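Numbering (mature numbering (1 follows the signal peptide of the UniProt record, and there is no 0)), first residue to last: -18 to -1, 1 to 169.
Note that CB positions come from ideal geometry on N, CA and C, so glycine has one too.
Since we're looking at a predicted model, the values are computed, not measured.
In what follows, a single structure is set out as structure tokens and then discussed.
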């Protein structure tokens, strides 16, 4: 009987350790992890309502390199543990305003991933369910993202937006916590 209790206890502990955890709201940067690919270890940034790999931003920032060079390819994010929302870290014109990420995994949206000023509304938009599992960002248990080439960089989505496009790469979004976040408003 004691042996069965020990096994059940160990199984429960292992399951809990493997489950995605709610993220703290500590600010972080993201890099793409896809060993052996051209996007491996490149920064993930926000620009024009989308996430990008290796793409310069056009942000208005309060300090740091992006304050003097608004095209720097650095973006700071955070996930709220209570609501599991994914946001851009920034100081907006209105103190209570935020820029929030959404995805549309419906047949029409096909995994599009974007951000807008709050409140974010859209027929099939999903806003909640973002967590950090170990050191990777995931949505609703899905840890892989897609990077599809556009000009000289890659647009990020949760699914293949255009199934005809053959040169997209699957990757994990690695979380790198930052102790000196830069508040920006992303265009």
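When the Cα of residue 8 is compared with those of 140, 104, 70, 20, which residue comes out closest?
Here the closest residue by C-alpha is 70.
Per the contact definition of three or more C-beta pairs closer than 8 Å, is the region 60 to 70 in contact with the region 105 to 118?
Touching, per the Cβ criterion.
Terminal residues of the continuous beta strand (DSSP E) containing residue 151?
Looking at the DSSP string, the run of the beta strand (DSSP E) that includes residue 151 is 151 to 159.
Which first and last residues belong to the beta strand (DSSP E) in which residue 113 is found?
That run of the beta strand (DSSP E) goes 112 to 115.
Compare the beta carbon distance of residue 35 and residue 95 with 9 Å and say whether it is the shorter of the two.
For residue 35 and residue 95, no; Cβs fall outside 9 Å.
What are the partner residues of residue 21, as DSSP defines its beta bridges?
BP columns for residue 21 are empty, so no partner.
Considering only residues of the same chain and omitting the five flanking positions on each side of residue 176, which have a CB-CB separation below 8 Å?
The requested residue 176 is not part of the displayed model; the chain covers only -18 to 169.
Below 7 Å CB to CB, which residues in the same chain sit around residue 125 once its five sequence neighbours on both sides are set aside?
Cβ within range, chain order: 115, 118, 154.
Report the residue from 14, 57, 147 whose alpha carbon sits nearest the alpha carbon of residue 30.
Measuring from the Cα of residue 30, the nearest candidate turns out to be 57.
Does the Cβ-Cβ distance between residue 135 and residue 22 come in under 9 Å?
Going by C-beta atoms, residue 135 is not nearer than 9 Å to residue 22.
Flag this pair as yes or no: are the beta carbons of residue 26 and residue 41 separated by less than 9 Å?
The answer is no: Cβ separation not under 9 Å.
What whole-angstrom Cβ distance do residue 33 and residue 87 have, given they're in contact under 8 Å?
With 8 Å as the limit, residue 33 and residue 87 do not qualify as a contact, their Cβ atoms being about 15 Å apart.
Looking at the ligand FAD, does it come within less than 8 Å of residue 113, judged from the CB to the closest heavy atom?
The ligand FAD is not part of this structure, which contains no ligands at all.
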